[in-house]
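As you go down the protein sequences, you meet chains A and B in turn. According to numbering that gives the first Met the number 0, the residues represented by the first sequence are 0 to 260, in order. According to numbering that gives the first Met the number 0, the residues represented by the second sequence are 0 to 356, in order. Where a beta carbon is used, it is the ideal one built from N, C-alpha and C, also for glycine. From a predicted model like this one, the values you see are computed outputs, not experimental measurements.
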Amino acid sequence: MTTLSNKPILECTGIERRFGGIVAVTGVDLVIQRGEIFGLVGPNGSGKTTLTNAITGFYPPNEGTVRLAGKNITGTAPHKVAKLGVARTFQNLALFNGMSVLDNILLGRHIHMHPGVFRTAFYWWAARPEEVENRKIVEEVIEFLQLESIRYELVDGLPIGLKKRVELARALVAEPQMLILDEPMAGMNQEEKGYMSRFILDARDERGVSVLLIEHHMDVIIGICDRVLALNYGEMIASGIPKDVVKDPRVIEAYIGGSHG
Amino acid sequence: MFYRLSGVYHSSLISDSRMFKVPADRNLAVFLLLIGLAAPFILPSLYLNSYILPWLIWTAAALGLNLVTGWAGQLHLGYAAVMAVGAYSAIHAVRLGVPWEIALIIGGLAASVIGSLFAFAALRVKGLYLALTTLAMQFVMDWVLTHSPTISGGSHASLQAPTLALLGQQITSDAGYYYVALGWCVLVTIFMLNLKRTGLGRALVAVREKDFAAAILGVNSFYYKILAFAASSFIAGVSGALLVATFYFLAAPEQFSVNVSIQVLAMVIVGGLGSIIGSYFGVALILLVPGLVNGLVVTASEELGMQVNVETLAHIPNAVYGALIVIILMIEPLGLGKLYGNIRDYLMTWPFDQLRK
Chain A
0 MTTLSNKPIL
10 ECTGIERRFG
20 GIVAVTGVDL
30 VIQRGEIFGL
40 VGPNGSGKTT
50 LTNAITGFYP
60 PNEGTVRLAG
70 KNITGTAPHK
80 VAKLGVARTF
90 QNLALFNGMS
100 VLDNILLGRH
110 IHMHPGVFRT
120 AFYWWAARPE
130 EVENRKIVEE
140 VIEFLQLESI
150 RYELVDGLPI
160 GLKKRVELAR
170 ALVAEPQMLI
180 LDEPMAGMNQ
190 EEKGYMSRFI
200 LDARDERGVS
210 VLLIEHHMDV
220 IIGICDRVLA
230 LNYGEMIASG
240 IPKDVVKDPR
250 VIEAYIGGSH
260 G
Chain B
0 MFYRLSGVYH
10 SSLISDSRMF
20 KVPADRNLAV
30 FLLLIGLAAP
40 FILPSLYLNS
50 YILPWLIWTA
60 AALGLNLVTG
70 WAGQLHLGYA
80 AVMAVGAYSA
90 IHAVRLGVPW
100 EIALIIGGLA
110 ASVIGSLFAF
120 AALRVKGLYL
130 ALTTLAMQFV
140 MDWVLTHSPT
150 ISGGSHASLQ
160 APTLALLGQQ
170 ITSDAGYYYV
180 ALGWCVLVTI
190 FMLNLKRTGL
200 GRALVAVREK
210 DFAAAILGVN
220 SFYYKILAFA
230 ASSFIAGVSG
240 ALLVATFYFL
250 AAPEQFSVNV
260 SIQVLAMVIV
270 GGLGSIIGSY
280 FGVALILLVP
290 GLVNGLVVTA
300 SEELGMQVNV
310 ETLAHIPNAV
320 YGALIVIILM
330 IEPLGLGKLY
340 GNIRDYLMTW
350 PFDQLRK
């Protein structure tokens, strides 16, 4: 565990999000410290993704506040949240088909670049220095995630394990303060899970990002998370050290339905 | 074979971001450019100015539409109207005594402003609804042009384009017109090639593919949609002005009517959305093939001594050309550009096909 300072990177208080009459998330408080890997668990439909959407601005919360490094970002548009240093991956992959792995990852550098019509027209003088500078950072991450061999391939045809890794790379090159990973290991086998867990730990240790990790694999949660929060029907049912949370009767009940036997 | 990749190693990030990464592609482009420059000395001026020149200008225009439809993914059915804005603005500017160089830029900027109005529709609606909105704006522009004598001279009038003059040189020769068209087409092509390797191009594709994913990367899709419309409209405006200055010599509202919009869109789609070389092919097919087929049919009927009546003769080229479009899109829905790409990929490894991934 690296520097766990007392200054939280992300603070959510009393988050509530409704869709019509359905309350997807309610009364959720969450504090993530700098350099922490924070797990978010709960059965399907418990509001995990809605909570991340509330943080990143896709579905602004109806109630409650979101603070990023002390700054109130409640209801800020997603592209502005990205500029403030939040990167995320999606549960159902959101890579851009028809583009190479390299171009997809380069898009992660968008917030650090200044693309424009004139820069494009006068590429050699106006755009190339910036492109090359950013490409260097992209190459570092490509090396870090071992994507060298598929750099120039289109993302369309890659196996899902690699796609998830490309998406992680795209999020990492943005050099975010806060990284939100929405089920990065869904559909992976044990070996791929191992790789991914190692990458997440290394990203935290070497690049100093704080991570909010949504995952169903409890072995991963116990293995790499510092703390964990469990949701059920949009409400918090337990939080704390992963070992304790997975033993919590309410968590067990939420997942396998009643702990009477 | 010609396109061999073996032995091509990029050892710096600059060489890896070249416009043409395969030397054969670069050589081909240089070769074509040289042919383009030599064309006035090779081709009779009839062919040069009635086929090649419009082909080049329409290609520039089609590339502009490709920017907004192929790259940014916004359907645009009012492109001819934007070209009209550029054409009329430039002509009026020249008539008021502005030099042509500046008038062309004025035309481009005026088209950019009107074209960005189209973009504000694009911010609200998507897909078919956007197509309909832009179509409606095309009709509005048509109406404005035909009903305001100050712009077009009235519904059946046409506006004489002043003689083109660039860099203090009056351009009146056929070769002169051709070089102006070639120059503009090359400029637009270079811009589009640069678009393929810069952040702007990537951001536009991101907006086209998945706008929510673009947003989380910090891409403001509203801004980039407007930018795409503005840049494409600038290209449209200058192309429209040059079309009138070097080809039509007169500006009339029906030159920029709705069927022209649809024709440009057809050029882009047949050529391939997001393909630069495809736009060249698409324009050639839509613009030149009808005439070519016509010539072939006439020659064939004469050679064979067949008595074909005039009406049939007029219909055959249209039928052949229509069928050609359908066949091409059935063989390769991604257009002629993709068809070319397939052949190029095949030659890349031929005769060692088993090396292909």
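Closest by CA to residue i, which one among the options?
i	options	result
residue 248 of chain B	B:171, B:80, B:142, B:24	B:171
residue 77 of chain B	B:94, B:179, B:129	B:129
residue 55 of chain A	A:235, A:233, A:134, A:179	A:179
residue 243 of chain A	A:225, A:85, A:256	A:225
residue 165 of chain B	B:152, B:158, B:173, B:179	B:179
residue 126 of chain A	B:324, B:11, B:195	B:195
residue 266 of chain A	A:50, A:77, A:123	Coverage of chain A is limited to positions 0 through 260, which leaves residue 266 of chain A absent and any answer about it impossible.
residue 138 of chain A	B:322, B:238, B:11, B:230	B:11
residue 200 of chain A	A:65, A:142, A:223, A:191	A:223
residue 262 of chain B	B:58, B:32, B:25	B:58
residue 210 of chain B	A:96, A:136, A:183	A:96
residue 182 of chain A	A:40, A:30, A:29, A:19	A:40
residue 31 of chain A	A:78, A:19, A:238, A:157	A:238
residue 216 of chain B	A:90, A:82, A:120	A:82
residue 215 of chain A	A:194, A:129, A:48	A:48
residue 6 of chain A	A:19, A:70, A:119, A:148	A:70
residue 188 of chain B	A:142, A:188, A:119, A:155	A:119
By Cβ distance below 6 Å, which residues in the same chain neighbour residue i in space, the five residues on each side in sequence not counted?
i	result
residue 150 of chain A	100, 101
For residue i, which residues of its own chain have a beta-carbon under 7 Å away from its beta-carbon, when the five flanking residues on both sides are left out?
i	result
residue 52 of chain A	58
residue 63 of chain A	11, 12, 13, 14, 15
residue 93 of chain B	99, 102, 161
residue 186 of chain B	none
residue 170 of chain A	86, 87, 88, 107, 178
residue 234 of chain A	25, 26
residue 15 of chain B	9
Find out if the Cβ-Cβ distance for the pair residue i, residue j is shorter than 7 Å.
i	j	result
residue 160 of chain B	residue 90 of chain B	yes
residue 287 of chain B	residue 50 of chain B	yes
residue 206 of chain A	residue 36 of chain A	no
residue 140 of chain A	residue 172 of chain A	yes
residue 38 of chain B	residue 163 of chain B	no
residue 336 of chain B	residue 236 of chain B	no
residue 255 of chain B	residue 83 of chain B	yes
residue 236 of chain A	residue 227 of chain A	no
residue 282 of chain B	residue 319 of chain B	no
residue 192 of chain B	residue 18 of chain B	yes
residue 34 of chain A	residue 175 of chain A	no
residue 277 of chain B	residue 334 of chain B	yes
residue 114 of chain B	residue 81 of chain B	yes
residue 227 of chain B	residue 71 of chain B	yes
residue 52 of chain B	residue 177 of chain B	yes
residue 122 of chain B	residue 30 of chain B	no
residue 184 of chain B	residue 55 of chain B	yes
Since residue i and residue j should fall inside the 8 Å C-beta cutoff, what is the C-beta to C-beta distance between them, to a whole number of angstroms?
i	j	result
residue 8 of chain A	residue 67 of chain A	7 Å
residue 134 of chain A	residue 153 of chain A	Their Cβ separation, rounded to whole angstroms, is 18 Å, which puts residue 134 of chain A and residue 153 of chain A out of contact at 8 Å.
residue 68 of chain B	residue 114 of chain A	Rounded, the Cβ-Cβ distance is 19 Å, inconsistent with contact.
residue 218 of chain B	residue 111 of chain A	Wrong, their Cβ atoms sit about 13 Å apart, outside the cutoff.
residue 233 of chain B	residue 110 of chain B	6 Å
residue 223 of chain B	residue 206 of chain B	5 Å
residue 147 of chain B	residue 158 of chain B	The pair is not a contact, with the Cβ atoms about 12 Å apart (cut-off 8 Å).
residue 269 of chain B	residue 328 of chain B	7 Å
residue 198 of chain A	residue 167 of chain A	6 Å
residue 192 of chain A	residue 94 of chain A	That pair is no contact at about 20 Å.
Kindly list the residues whose CB is nearer than 8 Å to the CB of residue i, restricted to its own chain and excluding five residues on each side of it in sequence; keep chain order.
i	result
residue 20 of chain B	7, 9
residue 40 of chain B	none
Just mark residue i as buried or exposed, buried being the case when its beta carbon has 16 or more other beta carbons within 10 Å.
i	result
residue 2 of chain A	With a pLDDT of 49 at residue 2 of chain A, under the threshold of 50, the predicted position of this residue should be treated as unreliable, though the coordinate-derived value follows. Residue 2 of chain A comes out exposed.
residue 60 of chain A	buried
residue 295 of chain B	exposed
residue 144 of chain A	buried
residue 144 of chain B	buried
residue 250 of chain A	buried
residue 65 of chain B	buried
residue 260 of chain A	Low per-residue confidence applies at residue 260 of chain A: pLDDT is 45, beneath 50, and the placement is therefore not dependable, though the value from the model is reported in the following sentence. Flag for residue 260 of chain A reads exposed.
residue 85 of chain B	buried
residue 345 of chain B	exposed
residue 256 of chain A	exposed
residue 149 of chain B	exposed
residue 132 of chain A	exposed
residue 241 of chain A	buried
residue 299 of chain B	exposed
Practice task
Scan the segment 322-334 of chain B for residues whose Cβ lies nearer than 9 Å to a Cβ of chain E and list them as they occur along the chain.
Solution key: Of the protein chains in the structure, A and B, none is chain E.
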